[in-house]
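The sequence shown begins at 1 in full-length UniProt numbering and counts up by one.
Every residue, glycine too, gets a C-beta built ideally from N, C-alpha and C.
Okay, so here's the structure we're looking at.
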Amino acid sequence: MTGPDPSLIEEIRDSARDFLQRQDQKKRKRLNAPLDRDYWRAIADVGWLGLTVSEQHGGLGLDWHAMAAVMEEAGRAQLPEPLIGAAILPAAVLSRLAAPEGAQSRESLLQDICAGERIVALAWQETDGQLETEEAAGAFGVNVTWLENTYVLNGEKRHVIPGDDVDGWLVSADGEQGLALFYVAARTPGVHVRSYRRADGSRACHLILESVAIPPEALIARHSVADAIDTALDLSRLMQSAELIGAARQVLADTVAYLNTRQQFGKPLSSFQALQHRLVDTTLQVELAAKSLLNALNSLEHGDRAAVRAIASRVKARAAKAGLEAGRQAVQLHGAIGYTDECDVSLYFNNALHLASWLGNATAHRQRFQALTPIPSQTDEEDREVPITEEAFPRHADWNTMPEEEFRAMLQRFFRRYYPSHLRHVARRLHWSEIKDWYFTLSRQGWIAPSWPLEHGGMALSPSRLIAYIEEAERYGVARAPDQGLVMLGPILFRYGTQAQRDRFLPGILSGADVWAQGYSEPNAGSDLAAVRCEAVIDGDELIVTGQKTWSTLAQDATHMFMLVRTDKTVKKQAGISFLLVDLRTPGVTRRPIRTLAGHEEFCEVFFDQVRVPRSNLVGELNAGWTIAKALLGFERLFSGSPKHANHTLQQIFQLARQRGLLTDPAFCDRLAELRMDAADLTAMYEVFADMVRAGQPLPPELSLLKIWATETHERLGALLIQATEEYGGAAIEEAHGKVYALAPYINAMAATIFSGTNEIQRNIYAKQVLSLDVA
Numbered sequence: 001m002t003g004p005d006p007s008l009i010e011e012i013r014d015s016a017r018d019f020l021q022r023q024d025q026k027k028r029k030r031l032n033a034p035l036d037r038d039y040w041r042a043i044a045d046v047g048w049l050g051l052t053v054s055e056q057h058g059g060l061g062l063d064w065h066a067m068a069a070v071m072e073e074a075g076r077a078q079l080p081e082p083l084i085g086a087a088i089l090p091a092a093v094l095s096r097l098a099a100p101e102g103a104q105s106r107e108s109l110l111q112d113i114c115a116g117e118r119i120v121a122l123a124w125q126e127t128d129g130q131l132e133t134e135e136a137a138g139a140f141g142v143n144v145t146w147l148e149n150t151y152v153l154n155g156e157k158r159h160v161i162p163g164d165d166v167d168g169w170l171v172s173a174d175g176e177q178g179l180a181l182f183y184v185a186a187r188t189p190g191v192h193v194r195s196y197r198r199a200d201g202s203r204a205c206h207l208i209l210e211s212v213a214i215p216p217e218a219l220i221a222r223h224s225v226a227d228a229i230d231t232a233l234d235l236s237r238l239m240q241s242a243e244l245i246g247a248a249r250q251v252l253a254d255t256v257a258y259l260n261t262r263q264q265f266g267k268p269l270s271s272f273q274a275l276q277h278r279l280v281d282t283t284l285q286v287e288l289a290a291k292s293l294l295n296a297l298n299s300l301e302h303g304d305r306a307a308v309r310a311i312a313s314r315v316k317a318r319a320a321k322a323g324l325e326a327g328r329q330a331v332q333l334h335g336a337i338g339y340t341d342e343c344d345v346s347l348y349f350n351n352a353l354h355l356a357s358w359l360g361n362a363t364a365h366r367q368r369f370q371a372l373t374p375i376p377s378q379t380d381e382e383d384r385e386v387p388i389t390e391e392a393f394p395r396h397a398d399w400n401t402m403p404e405e406e407f408r409a410m411l412q413r414f415f416r417r418y419y420p421s422h423l424r425h426v427a428r429r430l431h432w433s434e435i436k437d438w439y440f441t442l443s444r445q446g447w448i449a450p451s452w453p454l455e456h457g458g459m460a461l462s463p464s465r466l467i468a469y470i471e472e473a474e475r476y477g478v479a480r481a482p483d484q485g486l487v488m489l490g491p492i493l494f495r496y497g498t499q500a501q502r503d504r505f506l507p508g509i510l511s512g513a514d515v516w517a518q519g520y521s522e523p524n525a526g527s528d529l530a531a532v533r534c535e536a537v538i539d540g541d542e543l544i545v546t547g548q549k550t551w552s553t554l555a556q557d558a559t560h561m562f563m564l565v566r567t568d569k570t571v572k573k574q575a576g577i578s579f580l581l582v583d584l585r586t587p588g589v590t591r592r593p594i595r596t597l598a599g600h601e602e603f604c605e606v607f608f609d610q611v612r613v614p615r616s617n618l619v620g621e622l623n624a625g626w627t628i629a630k631a632l633l634g635f636e637r638l639f640s641g642s643p644k645h646a647n648h649t650l651q652q653i654f655q656l657a658r659q660r661g662l663l664t665d666p667a668f669c670d671r672l673a674e675l676r677m678d679a680a681d682l683t684a685m686y687e688v689f690a691d692m693v694r695a696g697q698p699l700p701p702e703l704s705l706l707k708i709w710a711t712e713t714h715e716r717l718g719a720l721l722i723q724a725t726e727e728y729g730g731a732a733i734e735e736a737h738g739k740v741y742a743l744a745p746y747i748n749a750m751a752a753t754i755f756s757g758t759n760e761i762q763r764n765i766y767a768k769q770v771l772s773l774d775v776a
């Protein structure tokens with residue numbers, strides 16, 4: 001994942017926070033006073049007005065990650081100054097234009113803006129709801145004519161921010177040579193300002209130009225004006241999103257503090273689970289917006305214009321939704337005081353109302369995203385005409401420097417050549433006997449462990465390449481093999497195992513000689529894993545295991561199990577647990593398959609009756625298994641949070657929608673657009689946590705949000721697929737309509753919201769460990 005040095009961004013964030021705390025910004029905002037020019041110049045002195053402008057034009061030359069950090073802190077503090085309207089927008093436009101020969105220098109104007117010496121607003125919008133300059137202008141769009149060595153402007157611009165107290169405006173106008181940009185000074189004859197106030201007290205206006213005569217040097221640019229403005233608008237939307245995220249985070253933090261102190265029925269409000277889950281779900285929206293913003297900022301340097309436009313709309317839509325929901329929930333959870341102007345909640349909610357609607361609301365940007373990212377015309381692999389080749393695929397290569405398109409094409413050819421066609425897009429988990437030949441093929445190729453380090457036999461794929469690997473496998477319909485050893489145990493042995501354990505167990509995982517199952521859950525210890533009772537008693541160099549495990553996926557096919565066992569009953573629950581590796585072929589082990597509601601024997605109960613296990617199979621120290629268990633749950637929840645299931649279901653919906661003509665149904669398309677954005681934001685969040693794993697960092701409790709969003713997004717997509725298939729939505733899970741299994745995604749997602757800790761438990765974890773809510 002690309003991006004600037006995190007320590008630099010934190011320094012900028014700390015500096016911004018320090019500057020903003022020198023004055024009470026909320027008190028200043030409540031005054032609704034005209035723009036304070038002295039304070040504006042103070043803001044200029046710390047560099048914010050030209051943070052992303054090149055040094056030669058009077059700026060600091062930093063990137064948009066830095067500006068986003070400033071805007072987030074501005075949102076937290078509720079800075080009243082219009083940074084986006086009077087700094088980011090005009091500066092971003094001017095930075096992307098070349099001044100015509102003989103015209104007023106854009107450089108001097110840009111330098112004045114950066115120095116805080118001139119306050120300028122961009123006047124570009126001509127119709128309500130307009131998102132881009134090339135959209136049809138309204139009846140009062142601004143036009144320019146050349147008359148007696150003078151430019152004459154006529155027309156109207158709408159929703160200009162700031163709306164008054166400016167020195168001038170950058171005005172776009174249509175003329176014989178196309179769209180041009182002019183500087184119109186305030187108080188020029190013929191300029192009329194019709195002001196109005198936004199919900200947060202900020203000033204906006206409709207700018208009316210009646211035969212406004214301006215000199216030739218007022219022409220700023222006549223080429224690439226539309227592209228410069230549209231780019232600046234999208235960058236400003238990303239900065240709006242940062243401001244919305246900062247405000248949402250702060251109002252939620254204030255709400256948590258309030259709930260922890262406010263008593264009702266003799267208990268703090270924060271102890272009510274219903275309120276905790278409300279806050280978690282709202283925080284989830286905010287963190288999705290934050291991860292999507294980071295994804296967008298990382299892609300700015302290399303993304304093409306169309307991609308930037310789409311991702312800007314996606315981020316703005318999510319941030320608008322998150323900001324409004326955070327404000328709304330804060331009002332509700334504060335009770336009557338939250339509905340008053342004297343409570344700070346009102347500032348944040350009104351600010352969200354303003355930002356969420358200016359430069360396009362969530363609905364408008366959802367529709368724009370849909371238009372900018374058309375549904376693929378072909379999704380089935382045969383339709384893509386990938387040839388079956390006789391090429392020799394490399395076992396080893398520098399995969400992460402290989403162009404992504406080339407990497408994906410190589411995977412497509414490999415899957416087409418080697419993966420069994422009759423196993424494509426199966427609607428259930430396959431047993432080892434059905435999928436083992438494919439496992440062996442990947443093992444011989446050296447591609448069985450894409451995320452493992454090279455020194456342990458893996459491909460060492462970066463997060464972006466790993467996602468590409470998963471996406472291409474899902475797109476082709478490659479079934480998930482029994483992979484508990486690959487996905488879970490391997491990373492645990494890298495971190496906690498001895499060299500002897502790695503030498504003994506890793507080769508068997510890679511080759512497929514050993515098939516692993518997970519032994520965590522028990523009849524009375526499902527989401528509450530600390531309550532495990534399966535006991536292991538030390539007997540010399542062995543441990544004797546007695547007890548039961550349940551819900552062990554495909555354990556009937558496994559040769560080994562990694563499991564949690566109780567090794568000390570005298571200490572608190574978490575302290576007496578150990579992590580043990582068990583050969584399931586040992587005497588005393590019996591297994592009973594469990595049939596699911598879908599009719600498949602996917603789970604097992606496993607019983608242990610005086611099973612002797614070498615003490616050398618203990619991973620980590622005796623009674624120290626809880627730390628390993630939490631790390632393993634992190635890996636499991638990361639896997640559960642993979643976007644591959646949601647994206648595959650999307651592909652099925654695309655295929656069915658084209659077949660049934662649903663893409664002409666506006667209601668269906670709007671719902672589909674919303675879910676496409678949900679899936680895209682899921683990918684952005686997943687990339688952040690996958691990057692942590694690749695960097696060797698521990699997965700934080702925030703991972704619970706990923707598991708919640710991934711499984712519930714998959715479930716929503718599954719519900720839409722059932723809706724789209726009509727009568728086939730009630731067919732048996734293994735019955736395909738064409739190549740679409742209507743019920744499979746929905747049924748599988750239902751299970752996913754339960755395993756790895758139910759989503760309700762994940763909300764409890766986040767409420768306690770991250771939000772610090774009183775859960776007593």
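If you ignore the 5 residues before and after Lys29, its C-beta comes within less than 7 Å of the C-beta of Gln78, Pro80, Gly201 and Leu347, all in its own chain and listed in chain order.
In the DSSP assignment, Ala364 falls within the unbroken alpha helix (DSSP H) covering Ala362 to Leu372. In this structure, Thr567 places its C-beta atom within 8 Å of the C-beta atom of Ser578.
Cα atoms of Ala74 and Leu20: separation of roughly 7 Å, rounded to the nearest angstrom. According to the DSSP assignment, Trp709 belongs to the alpha helix (DSSP H) that extends over Leu703 to Thr725.
Annotation for Pro614: no alpha helix (DSSP H) segment contains it, though the beta strand (DSSP E) segment containing it runs Glu601 to Pro614.
Within the same chain, and ignoring the five residues on either side of Val571 in sequence, the residues whose Cβ sits closer than 8 Å to its Cβ are Asn623. For Gln332 and Gly338, the gap between their C-alpha atoms comes out near 7 Å. Beta-bridge annotation (DSSP): Tyr183 is paired with Leu170.
Under the DSSP assignment, Pro593 falls in the beta strand (DSSP E) whose first and last residues are Val589 to Arg595. If you look at Cys205, you'll find it in the beta strand (DSSP E) that goes Arg203 to Ile214. Judged by their CB atoms, Arg187 and Ser195 are not nearer to each other than the 8 Å cut-off. Cβ-Cβ distances below 8 Å link Leu372 to Ala306, Arg309, Ala310 and Ser313 in the same chain, with the five nearest sequence neighbours on each side left out; the list follows chain order. According to DSSP, Met459 shares a beta bridge with no other residue.
Per DSSP, Gln329 lies in no beta strand (DSSP E); the unbroken alpha helix (DSSP H) holding it starts and ends at Arg305 to His334. Pro507 sits in a helix when the DSSP states are folded into three classes. Of the candidates Cys669, Ser640 and Gly335, Cys669 places its Cα closest to the Cα of Phe654. Around the beta-carbon of His334, 16 or more other beta-carbon atoms lie within 10 Å, marking it buried. Per the Cβ contact rule, the stretch 429-444 is in contact with the stretch 540-560 (3 or more Cβ pairs under 8 Å). If you look at Tyr741, you'll find it isn't in any alpha helix (DSSP H); DSSP assigns it neither H nor E. A residue is called buried once 16 or more other Cβ atoms fall within 10 Å of its Cβ, and Trp64 is buried on that count. Spatial neighbours of Leu743 in its own chain (CB-CB distance under 6 Å, excluding positions within 5 residues in sequence) are listed in chain order as Ile733. Here Asn400 carries a coil assignment [DSSP, helix/strand/coil]. Sorting Ile229, Gln250, Met563 and Ala290 by C-alpha distance to the C-alpha of Lys26 places Gln250 at the top.
Under a 10 Å Cβ-count criterion, Gly85 is classified as buried, with 16 or more other Cβ atoms of the shown protein chains found around its own Cβ.
A straight-line Cα-Cα distance of about 11 Å links Asp691 and Leu461. Nearest in C-alpha terms to Tyr766, of all of Gln273, Met563 and Gly547, is Gln273.
Excluding sequence positions up to five before and after Ala530, its CB lies within less than 6 Å of the CB of Lys573 and Gln574, all in the same chain and listed in chain order. In the displayed model, Asp541 falls within coil according to three-state DSSP, outside both helix and strand. Counting the other CB atoms within 10 Å of its CB gives Ala336 a total below 16, which places it among the exposed residues. Take Leu423, set aside five residues on each side of it, and the residues of its chain with a beta-carbon closer than 6 Å to its own are Ala479, in chain order.
Ala724 is the residue among Ala684, Val606 and Ala724 whose C-alpha sits nearest the C-alpha of Leu662. Collapsing the DSSP output to three states places Arg76 in a helix.
For Asn759 and Leu279, the gap between their C-alpha atoms comes out near 14 Å. As the crow flies, the alpha-carbon of His456 is around 8 Å from that of Leu506. DSSP places Lys572 in the coil class of the three-state scheme, outside both helix and strand.
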